[in-house]
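Chains as they are written, first to last, in numbering that gives the first Met the number 0: chain A, 0 to 98; chain B, 0 to 98.
There are 2 protein chains.
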Amino acid sequence: MKHLIHTLNKAFDHRVRLGVMAVLMANDLVSFNDLKEALDLTDGNLASHVAALEKAGYVTVSKQFVGKKPNTTYTASTEGKQAFQEHLNALEKLLKGES
Amino acid sequence: MKHLIHTLNKAFDHRVRLGVMAVLMANDLVSFNDLKEALDLTDGNLASHVAALEKAGYVTVSKQFVGKKPNTTYTASTEGKQAFQEHLNALEKLLKGES
DNA sequence: GAATCAGCTTTGTAATACAAAGTGCTTTTA
DNA sequence: TAAAAGCACTTTGTATTACAAAGCTGATTC
C-alpha cells in the first residue's frame, strides 16, 4: 500500500525549502540577500538549499548588475510552481485524514 | 528577524512523522502494525520515528495482550495534539505568504 | 521443534544540515 | 592606494538523521 506521505515531494520536505518556495510563490523575483534576510539564514545554508531547488528544476537563477553591484535573483519556474502546488494538495489531503 | 519557518516544530518536520501524527489525530488508538501498513514503512523505520515522537512527549505508548498476542498501541497525547495543531497553523500561515 | 508473529534494537551506510571560514571579484572608504 | 566591505558563493568539518536489513526476545501456532 502506498500512503499519501510517499507522494509528498522530497524536494520540499524541509522547512527552509518550504519557506523559499513560499516566498517565491508570493513574489516572482527575489534577490539572494532579501531571501536570506526574510528567512534568517546564513549565506551557505541558503545557497545550498536554493542549489537543491535549482537542481530539481524548481527555481531559476539570474545574475545581473544593479548599478555596480552584482545581483542574483531567484524565481520559481513554472514546473516548480506546479510541483509545489501538488505538494500542497497532497499535504492538505494528508492532514484531512485521507489515507 | 525571525521568520515563520523557525516556528515550525522540528519534531514534525518530516513526512513520516507528519503521517504518523495525521493518523493519530484521526484515530485515537492505532496499533504498531496498522500504522506500519497504513504508512508503508519498515519496522525499524516506524519504530524510530515513533520513538522520536514519544521522546518529545507527543505520543504515548501502551502495551497489552490481545488474546495471546502482544499488542502495542499509540495515541497522540494532549500535548502532541496541541503542538501538532500549532504546527499546522504555522504551516498554513507560511503558505499563505505571511512572513 | 521449526517456523511465525510482534515489536523492537543494532548495525552500517548514506544522505542531509549547518555554521564558519575561505574565495574571487568589485567597489567604497580612509 | 591600501584597506575594508559587499556579493554570492564554495569548501570544510562536524553532527545529526534516515533507512534498510539483520538480529533479537519472548510467546505461539503448526
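Where a beta carbon is used, it is the ideal one built from N, C-alpha and C, also for glycine. This structure is a prediction, so every number in the text was calculated from the model and none was measured.
For this session: Report, in whole angstroms, the separation of the C-beta atoms of L5/A and D39/B, which I expect to be a contact under 8 Å.
Result: This sequence places His at residue 5/A; Leu is not what is there. Sure, about 7 Å apart at Cβ, within 8 Å.
For this session: Just tell me which of K9/B, F11/B and T59/B has its CA closest to the CA of Y30/B.
Result: The identity of residue 30/B in the sequence shown is Ser, whereas the question assumes Tyr. It is T59/B whose Cα lies nearest to the Cα of S30/B.
Exercise. Comparing the C-beta of H2/B with each C-beta of chain A, is any distance below 7 Å?
Worked result: Answer yes: the Cβ-Cβ gap between H2/B and chain A drops below 7 Å somewhere.
Exercise. Using the C-alpha atoms, what's the distance from G18/B back to A89/A?
Worked result: So the alpha carbons of these two residues sit roughly 11 Å apart.
Problem set entry | Inter-residue spacing [alpha-carbon to alpha-carbon] between T77/A and Y57/A | 8 Å
Exercise. Roughly how many angstroms separate the alpha carbons of Q81/B and V65/A, rounded to a whole number?
Worked result: 47 Å
For this session: Would you kindly work out how many angstroms separate the C-alpha atoms of A16/B and K67/A, rounded to a whole number?
Result: Rather than Ala, the amino acid found at residue 16/B in this sequence is Arg. So the two alpha carbons sit approximately 48 Å from each other.
Problem set entry | Chain-ordered chain B contacts of G18/A [CB-CB under 8 Å] | H2, L3, I4 and L93
Problem set entry | A46/A to Y73/A span [Cα, whole Å] | 11 Å
For this session: Kindly indicate which three-state DSSP category S30/B falls into: helix, strand or coil?
Result: The three-state secondary structure of S30/B, taken from DSSP, is strand.
For this session: Compare the beta carbon distance of A37/B and V22/B with 7 Å and say whether it is the shorter of the two.
Result: yes
Exercise. Does A21/A have its Cβ less than 7 Å from a Cβ in chain B?
Worked result: yes
Exercise. In chain A, which residues lie less than 9 Å from V15/B when you measure between Cβ atoms?
Worked result: Residues of chain A passing the Cβ test: I4.
Problem set entry | C-beta contact flag for K92/B and L3/B at 7 Å | yes
Exercise. Under a Cβ-count criterion, where at least 16 other Cβ atoms within 10 Å of its own Cβ denotes burial, should L87/A be classed as buried or exposed?
Worked result: Answer is buried; the Cβ neighbour count reaches 16.
Problem set entry | DSSP bridge partner residues for F64/B (one or two, in chain order) | For F64/B, the beta-bridge partners assigned by DSSP are P69/B.
Problem set entry | Own chain partners of L52/B with C-beta closer than 8 Å, once the 5 adjacent residues on each side are dropped | A10, R16, V19, M20, V58 and G79
Problem set entry | Chain-order list of residues whose beta-carbon lies under 7 Å from that of P69/B (same chain, five-residue window excluded) | So the list reads K62, once near-sequence residues are dropped.
Exercise. How would you list, in chain order, the residues of chain B whose beta-carbon sits under 9 Å from the beta-carbon of A51/A?
Worked result: Per Cβ cutoff of 9 Å: no residues; A51/A is ~15 Å from chain B at best.
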